[in-house]
Ligand code: FAD
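Numbering (our numbering), first residue to last: 161 to 558.
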């Protein structure tokens, strides 16, 4: 029988394995992951798991029984190379594993800080359960955490560390937090909330060096100022894990390049999730999404492709972030918006929606504690329905 190998047992890999069975794949399925643990959900790492409100067992994407019932073999190994002409994978232990179909779901890795002192003890990244476990060992109440990067991960981490009673400083090089992804109104809102929660938010703060006697003690900013630190957590974005694909000669462009059916430049190899980039007709460019819903959708499409029942990657991108009592839900991508309409008052309230328009068309929405606006926006954006500004301003109250 045919054998499908899946490299990477994160959100994309697990969904791909499950969908292969749903689509009728009768051959072998081997899901190869290098994190040892039963595949787990990544978003809670900076939220409930860091805050000590859930165990790793509770984060399992599927139970151990699910894999055995579905005939999905979990293999704890690191894949070192793809040999496309031989049709096999080389594992780090030295053995090889032949495939008929191969899926790359290798995810992404944190961008490293490359400044003096970056390799001191006490400097952490936050991508895996193991990372969080290391951080948890040094987070006693009152200790001083400095977070480099005011993106979603940095801000979620700040909220979770406050819940643990730490003193928290967030250093953001740009003029506002979440600058890459939201409008100034939304950034100002999150800066205010974090300040109210006791986080020292510093924007325009460029980190130049870390210092300490083996262990990090101080963070130096470009103006010469130093900030004391017992631990530093770096959240400055991720890079797709494309080394395997590139070394095997697959086309890579900010991610393994896939088409609408999740196929790479080799017809026997698909890719999905954080490691893949895909031309999105709607946005007129190649985009690499970093979100659980997108990883899931691409994985479903990839599985259908392998089973000869082609589907298209078409769903509207969406994303969420939890900080304190706030649930931010984001529909669409706000690239090249020319107008922002707010419903509710972000300066005053803990609930509002921020709608992004381009040439009068709704293209994205950031909704804070406004689930109905989120559902409404998803539908309007996906179906490209006409919508008036007045309707948007009133959205939440209808
Ligand atoms: P991953 O989940 O990264 O899985 C890839 C796996 O492949 C990893 O386990 C890796 O070890 C393994 N692997 C890589 N190379 C090899 C190899 N050569 N051999 C064997 N195994 C290999 N998204 C949201 O939508 N909402 C959120 O709120 C949210 N919060 C997040 C919070 C944090 C702290 C982080 C880190 C991410 C968050 N994300 C969130 C993003 C989301 O987790 C990712 O988009 C998602 O995990 C992508 O799934 P994936 O399967 O593509 O990659």
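Cβ atoms here follow ideal geometry from the backbone N, Cα and C, with glycine treated the same way.
Distance CB(residue i)-CB(residue j) smaller than 8 Å
{"i": "residue 455", "j": "residue 171", "result": "yes"}
{"i": "residue 332", "j": "residue 304", "result": "no"}
{"i": "residue 512", "j": "residue 500", "result": "no"}
{"i": "residue 189", "j": "residue 177", "result": "yes"}
{"i": "residue 404", "j": "residue 235", "result": "no"}
{"i": "residue 436", "j": "residue 416", "result": "yes"}
{"i": "residue 525", "j": "residue 491", "result": "yes"}
{"i": "residue 318", "j": "residue 376", "result": "no"}
{"i": "residue 401", "j": "residue 268", "result": "yes"}
{"i": "residue 460", "j": "residue 179", "result": "yes"}
Own chain, CB closer than 6 Å to residue i, minus 5 neighbours either side, in chain order
{"i": "residue 372", "result": "280"}
{"i": "residue 429", "result": "262"}
{"i": "residue 489", "result": "480, 527 and 534"}
{"i": "residue 107", "result": "Look at the range of the chain in this structure, 161 to 558, and you will see that residue 107 is not part of it."}
{"i": "residue 194", "result": "238"}
{"i": "residue 542", "result": "476"}
{"i": "residue 276", "result": "369"}
{"i": "residue 321", "result": "305 and 328"}
{"i": "residue 394", "result": "273, 285 and 308"}
{"i": "residue 184", "result": "467"}
{"i": "residue 161", "result": "187"}
Proximal residues to residue i (C-beta, below 8 Å), its chain only, five neighbours per side dropped
{"i": "residue 315", "result": "330, 337, 338, 350, 354, 481 and 483"}
{"i": "residue 452", "result": "171, 201, 202 and 203"}
{"i": "residue 544", "result": "521"}
Cβ separation of residue i and residue j, assumed to be a contact under 8 Å, to the nearest whole Å
{"i": "residue 335", "j": "residue 311", "result": "The pair is not a contact, with the Cβ atoms about 14 Å apart (cut-off 8 Å)."}
{"i": "residue 282", "j": "residue 390", "result": "7 Å"}
{"i": "residue 346", "j": "residue 506", "result": "7 Å"}
{"i": "residue 431", "j": "residue 422", "result": "7 Å"}
{"i": "residue 164", "j": "residue 260", "result": "7 Å"}
{"i": "residue 473", "j": "residue 434", "result": "Contact flag wrong, Cβ pair sits at about 14 Å."}
{"i": "residue 398", "j": "residue 450", "result": "7 Å"}
Beta-carbon contacts of residue i that lie in its chain and below 7 Å, excluding the five residues immediately before and after
{"i": "residue 571", "result": "Because the chain spans 161 through 558 in this model, residue 571 falls outside it and cannot be assessed."}
{"i": "residue 558", "result": "Low confidence applies here, because residue 558 scores a pLDDT of 45, under 50, leaving its location unreliable; read the following figure in that light. Closer than 7 Å at Cβ, skipping near neighbours: no residue."}
{"i": "residue 202", "result": "170 and 171"}
{"i": "residue 396", "result": "271, 273, 308 and 309"}
{"i": "residue 522", "result": "515, 537, 540, 541 and 547"}
{"i": "residue 495", "result": "443"}
{"i": "residue 549", "result": "501"}
{"i": "residue 323", "result": "211"}
{"i": "residue 344", "result": "336"}
{"i": "residue 469", "result": "183"}
{"i": "residue 142", "result": "Since the first residue shown for the chain is 161 and the last is 558, residue 142 is missing from the structure and cannot be characterised."}
Touch test, the segment 194–213 against the segment 291–307, Cβ-Cβ under 8 Å, three pairs minimum: Between the segment 194–213 and the segment 291–307 there are three or more inter-stretch CB-CB distances shorter than 8 Å, so the stretches are counted as touching.
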